[in-house]
Amino acid sequence: MTFFSPFAFLFLITIPAIILLYILKQRNQDYTVSSLFLWEEVLKDLEANAPWQKLRRNLLMILQVIAMLFLIFALARPFLNTEGSKAGSAIIIIDNSFSMQASDVKPNRFEAAKKEAAAYVSSLKPGTLITLISAGERAIIEENLRSDKEGIINKINSLKVSNYASNFEDTASTILSVASQQSGAEVVLFGDNEIKIPGVDMKFSKISQTGSNYALTLFTHTRTKNGITALSRAANFSSAAVDLPISLYADSKVFDAKKITVSAGETVNVYWSEIPSDTQLLECRIDLPDCLQADNKALSPVNPDMTAKALLVTQKNIFLEKVLSLKNNIELVKTTPQEVTESGGEKLLKGYSLYIFDGVMPDKLPTDGNILIFSPVPNRYFSLGEEIEHPELFKTKHQLFKYVDDYGFTIGKAKKLSIPKWAEPVLDSSLGTLIFTGTLENRKITVFGFDLHSTDLPLRPAYPILMTNVIEHLVPESLKNIEAVYPGQEIDFNLNPKSEQARVITPSGRIVPIAPPFPAQIFDETEEIGHFVLEQAFGGEKSYHSFTVNPPAEKESNLLAGEKPNPIDGKAPANAAKKPVSGMNLQWLMLCIAIIILLIEWWVYSNGV
Amino acid sequence: MSELFDSNFLNKLQQLVITSKIILSDGSGGNRKSRSKGSSVEFSDYREYSPGDDYRRIDWNAFGRFEKLFVKLYMEEREAPVQILLDTSRSMSWGEPSKSIASRKLAAALGYISLANYDRVTLACLNNTLHSFKPSLRGKNSFGELLDCLEKVEYSGTTDIYAALQAMNIKTCKGITVIISDMFTPGSFTEIIKYLQYRKQEVYLCHVLSPQETNPEITESLRLIDSETGEYKDVTATPMLLKTYQKVYSSFITRLEDTCFRYGASYIHLKTSLPVEQMIKMVVNRQ
Numbered sequence: 003m004t005f006f007s008p009f010a011f012l013f014l015i016t017i018p019a020i021i022l023l024y025i026l027k028q029r030n031q032d033y034t035v036s037s038l039f040l041w042e043e044v045l046k047d048l049e050a051n052a053p054w055q056k057l058r059r060n061l062l063m064i065l066q067v068i069a070m071l072f073l074i075f076a077l078a079r080p081f082l083n084t085e086g087s088k089a090g091s092a093i094i095i096i097d098n099s100f101s102m103q104a105s106d107v108k109p110n111r112f113e114a115a116k117k118e119a120a121a122y123v124s125s126l127k128p129g130t131l132i133t134l135i136s137a138g139e140r141a142i143i144e145e146n147l148r149s150d151k152e153g154i155i156n157k158i159n160s161l162k163v164s165n166y167a168s169n170f171e172d173t174a175s176t177i178l179s180v181a182s183q184q185s186g187a188e189v190v191l192f193g194d195n196e197i198k199i200p201g202v203d204m205k206f207s208k209i210s211q212t213g214s215n216y217a218l219t220l221f222t223h224t225r226t227k228n229g230i231t232a233l234s235r236a237a238n239f240s241s242a243a244v245d246l247p248i249s250l251y252a253d254s255k256v257f258d259a260k261k262i263t264v265s266a267g268e269t270v271n272v273y274w275s276e277i278p279s280d281t282q283l284l285e286c287r288i289d290l291p292d293c294l295q296a297d298n299k300a301l302s303p304v305n306p307d308m309t310a311k312a313l314l315v316t317q318k319n320i321f322l323e324k325v326l327s328l329k330n331n332i333e334l335v336k337t338t339p340q341e342v343t344e345s346g347g348e349k350l351l352k353g354y355s356l357y358i359f360d361g362v363m364p365d366k367l368p369t370d371g372n373i374l375i376f377s378p379v380p381n382r383y384f385s386l387g388e389e390i391e392h393p394e395l396f397k398t399k400h401q402l403f404k405y406v407d408d409y410g411f412t413i414g415k416a417k418k419l420s421i422p423k424w425a426e427p428v429l430d431s432s433l434g435t436l437i438f439t440g441t442l443e444n445r446k447i448t449v450f451g452f453d454l455h456s457t458d459l460p461l462r463p464a465y466p467i468l469m470t471n472v473i474e475h476l477v478p479e480s481l482k483n484i485e486a487v488y489p490g491q492e493i494d495f496n497l498n499p500k501s502e503q504a505r506v507i508t509p510s511g512r513i514v515p516i517a518p519p520f521p522a523q524i525f526d527e528t529e530e531i532g533h534f535v536l537e538q539a540f541g542g543e544k545s546y547h548s549f550t551v552n553p554p555a556e557k558e559s560n561l562l563a564g565e566k567p568n569p570i571d572g573k574a575p576a577n578a579a580k581k582p583v584s585g586m587n588l589q590w591l592m593l594c595i596a597i598i599i600l601l602i603e604w605w606v607y608s609n610g611v
Numbered sequence: 013m014s015e016l017f018d019s020n021f022l023n024k025l026q027q028l029v030i031t032s033k034i035i036l037s038d039g040s041g042g043n044r045k046s047r048s049k050g051s052s053v054e055f056s057d058y059r060e061y062s063p064g065d066d067y068r069r070i071d072w073n074a075f076g077r078f079e080k081l082f083v084k085l086y087m088e089e090r091e092a093p094v095q096i097l098l099d100t101s102r103s104m105s106w107g108e109p110s111k112s113i114a115s116r117k118l119a120a121a122l123g124y125i126s127l128a129n130y131d132r133v134t135l136a137c138l139n140n141t142l143h144s145f146k147p148s149l150r151g152k153n154s155f156g157e158l159l160d161c162l163e164k165v166e167y168s169g170t171t172d173i174y175a176a177l178q179a180m181n182i183k184t185c186k187g188i189t190v191i192i193s194d195m196f197t198p199g200s201f202t203e204i205i206k207y208l209q210y211r212k213q214e215v216y217l218c219h220v221l222s223p224q225e226t227n228p229e230i231t232e233s234l235r236l237i238d239s240e241t242g243e244y245k246d247v248t249a250t251p252m253l254l255k256t257y258q259k260v261y262s263s264f265i266t267r268l269e270d271t272c273f274r275y276g277a278s279y280i281h282l283k284t285s286l287p288v289e290q291m292i293k294m295v296v297n298r299q
């Protein structure tokens, strides 16, 4: 037992004061006796004339003294220590990922976790420095080293569950970082999945039960000759086989329904064919109630098939032609530098979404499309350095090199690029920058400082990946790929260079402007699940592109994941249900007892006992 | 006729004389007979001889003149001085039934019986001093005087029997002294007995107490005020307190009984709740 305000014991001085008041207050009723002859002897024997004797039977005073003692104890803030509660600081992590919406724990896992976390905070001894972390897509430090328990509890109550998938790596990294700063801190995770972090002794308060859940883990479509064919994947995350009724909606109207049998822990692909081509939005639903309803629905937008026109200006480059021909959404037009010169340039260099200059460059770059340049010549847009040979390549994390792991290609000759203000380097080498990209006058320009014939890159697996990334980056119609988005995913829209204004309309009807200014800002408000629309305005026209955010079902819908059954006996680990209890604040208990005693005292007074 | 001594009470007294006479005569006559032998026998009357009379008392001169046997009747000297000492301190007017009534009725009854038995009765009302004194009452005719004195008694002051006795200055001759008191008196009772026995008195202590004194019924915190002195003591009724009172009370009674026994005095413990005839019986039986 610890008292956090021992100065309150100074109030103990009120106890003698109460007794003194009673002594002073006492007025005995007069009673005449024949003589005190015998009474004097009696009192001499008993010393019964002492005030204490009178007080002994005074129930009211005794009750008041006891009540005062409890009040003083309450003021002294007593705290009953238990094992492990001696830590001066605590780190509380509350999982607010999508799976915490499951209702197998009432009212749902997240509310239950908040309740338990609040109870844990209450049980912490006063003065404990508390760090509160919410762990969803990212681990966010909501409160840091705060000792105000009331404030922490308010903060816990204000937390909201997200649609994000858990990001265990980020959570673990944050916890490790915070825990290393607060040595000896008690780390407690309230959630449905335990996280093991080496070096961190973390308690886990499991907020889950064996709830059954069925989910659509995939829903996509493709255009065929007979209309649209859709694929949905239904998963059974329960411990028994189930017959799942699944229905498909085309533009909110029922198109088809099926019943499939899915074994426990299995997934089944369901194909839907001959969906009308003019459908704009597909929706698939599992019509069976379960513990997590949100993942029983998936959306897939059907955007109009758009083909971008690209102009390739080159003497001859088989590598470029081949790679561009692989892109279905690009209609490639090839020309030579001579033809461009003969036609006067300006006429030809118009009306394309993408211009590719291989070893040549016009005096004036086109203004209506993005530009890709290989082996540039001296120009007025950026300056070129000396020619370099066999540079040693540095690995890069630039978006254009996404999924590129192979840096084993070599470059024989290249021109050292000076990066203009409007651009950023993509690939650096020991001798200078080899690739850069940027936005100039609302046009995206990507420059390769070398000729594809001077490198073995086209022979490497990295080539198609790199070129796909570059085309995706430069061709606005590549928006087509941004159709299925996970909650929390950031979207860097590749807007049409002609766009004057762009905004996103969320499922709840909110309008989020993303441009101007250009380049468009990254859209990160994708937590909401549903149908989003990107609206672009140019020259009095408007274009629309749909994309949907579906629940992270693949990662989050398996509600049994946290149970981690023992492969031998099938039982959950014993420590999984261990609840972190820090100690007990006895202040309220003391106050309650004091109030009860005062009520009894009032009753005694009223009834004259 | 007063309220205290009403006709019912006086009738009871008559009864008491009949029932108590023999015992009282036997008891006192034996002792005093030797003193009255010889010169002290006075002629009283004649009556005809009847068989069984002491023939020594036949007046032969009368036989010579009337030719009938007459025996002389002498008035025997059976008169004994009986002193009734009535405690009239303030404490004696307390209790329910009041000690004042019980004690005066007892004094009146004893006085009446004594007067009816030709004893000389002296009534002394005393508290810490002698304040009312009726000496040498003889014959039933004096009973009215005795009652009158008892009715006029005022209960006041504190008790000091020893001091009052000294003020009374009892003559040194054989007699009976009946003390009617609650004995809430300072000093040792031994001194009182010794003093009375020095004055050749046979002592009867009629210890009169009310039921409230033998068994106090207090249930709360009280300020006990002494009726005589006005002094007070604060007490809270606890089982322990009442138990201690009983212990002290028993010790008080035992002490008086022992003292009486040791010095040949008679101790009669009387509760005011008893009827007066019962009290007289207890006194006489004690003898």
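Protein sequences, first through last, are from chains A and B.
Okay, so the first sequence: first residue is 3 according to this note's numbering, each after it adds one.
Okay, so the second sequence: first residue is 13 according to this note's numbering, each after it adds one.
All C-beta atoms in this analysis are idealised placements derived from N, C-alpha and C, irrespective of residue type, glycine included.
Here the segment 213-221 of chain B makes contact with the segment 270-285 of chain B; the two share three or more CB pairs at distances below 8 Å. Between A:PHE221 and A:SER234, the gap from beta carbon to beta carbon is short of 7 Å. Looking at the DSSP output, A:ASP360 shares a beta bridge with A:PHE376. Restricted to the segment 75-122 of chain B, the beta strand (DSSP E) segments that are unbroken, complete and at least 3 residues in length are 82-87, 93-99, listed in chain order. For A:HIS533, the enclosing beta strand (DSSP E) has its first and last residue at 532-540. When secondary structure is reduced to three states using DSSP, A:GLU268 falls in the coil class, being assigned neither helix nor strand. A:GLY451 is classed as buried because its beta carbon has at least 16 other beta carbons within 10 Å across all chains shown. Counting C-beta pairs closer than 8 Å gives three or more between the segment 384-393 of chain A and the segment 411-427 of chain A, which meets the contact rule. The alpha-carbon separation between A:SER432 and A:TYR122 amounts to approximately 56 Å. A contact is defined here as three or more CB-CB pairs under 8 Å, and the segment 433-444 of chain A meets this definition with respect to the segment 413-423 of chain A. Taken atom to atom, the span from the alpha-carbon of A:LEU374 to that of A:THR337 is near 15 Å. Residues of chain B with a Cβ closer than 7 Å to the Cβ of A:GLN66 do not exist, since the nearest Cβ in that chain sits about 17 Å away. Among the residues of the segment 211-236 of chain B, those with a Cβ less than 9 Å away from any Cβ of chain A are LEU221, SER222, GLN224, GLU225, PRO228, ILE230, GLU232, SER233, LEU234, ARG235, LEU236, in the order of the chain.
In the structure shown, A:MET592 falls within a helical segment according to DSSP collapsed to helix, strand and coil. In the DSSP assignment, B:CYS137 is bridged to B:LEU98, B:SER144.
Think of a sphere of 7 Å around the beta carbon of B:PHE264: the chain A residues whose beta carbon falls inside it are LEU40, in chain order. Pairing A:ILE142 with A:SER136 gives a Cβ-Cβ distance under 7 Å. Judged by beta-carbon spacing, B:THR171 lies within the 7 Å limit of B:PHE196, meaning their Cβ atoms are closer than that value. Going by DSSP, B:ASP246 is part of the beta strand (DSSP E) stretching over 244-248. Out of A:LYS415, A:ARG111, A:LEU77, A:ALA174, the CA that lies nearest to the CA of A:MET592 is found in A:LEU77. Contact between the segment 534-554 of chain A and the segment 494-504 of chain A is present: three or more C-beta pairs spanning the two stretches fall below 8 Å. Linking B:LEU127 to B:PHE155 through their CA atoms gives a straight-line distance of about 7 Å. Between A:VAL472 and the set A:ALA504, A:THR269, A:VAL325, A:VAL335, the nearest pair of CA atoms involves A:VAL325.
Rounded to whole angstroms, A:ASN372 and A:THR441 show a C-alpha spacing of 9 Å. By the criterion of a C-beta distance shorter than 8 Å, A:ILE595 is surrounded in its chain by PHE72, once the five residues flanking it on both sides are discounted. The Cβ-Cβ distance between B:ALA176 and B:LEU138 falls below 7 Å. Annotation: A:THR16 has no Cβ neighbours in chain B at a cutoff of 7 Å; minimum Cβ distance is about 24 Å. Straight through space, the alpha carbons of A:LEU322 and A:PHE359 are spaced by roughly 11 Å. SER103, TRP106, GLY107: these are the residues of the segment 94-127 of chain B whose beta carbon lies less than 7 Å from some beta carbon of chain A, given in chain order.
Close to B:PHE196, with beta-carbon spacing below 7 Å, are these residues of chain A in chain order: SER36, SER37, PHE39. Membership of B:ILE70 in any alpha helix (DSSP H) is not indicated, and neither H nor E is assigned to it by DSSP. A:VAL606 does not reach chain B, its nearest Cβ partner there being about 15 Å away, counting only Cβ pairs nearer than 8 Å. By the Cβ rule, the segment 506-514 of chain A does not count as touching the segment 454-470 of chain A, because fewer than three pairs are nearer than 8 Å. Spatial neighbours of A:GLN589 in its own chain (CB-CB distance under 6 Å, excluding positions within 5 residues in sequence) are listed in chain order as ALA76, ARG79. Against chain A, the beta carbon of B:VAL165 has no neighbour under 7 Å; the closest one sits roughly 16 Å away. From the listed residues A:ASN331, A:ILE154, A:GLU152, A:GLY90, the smallest Cα separation to A:GLY186 is found for A:GLY90.
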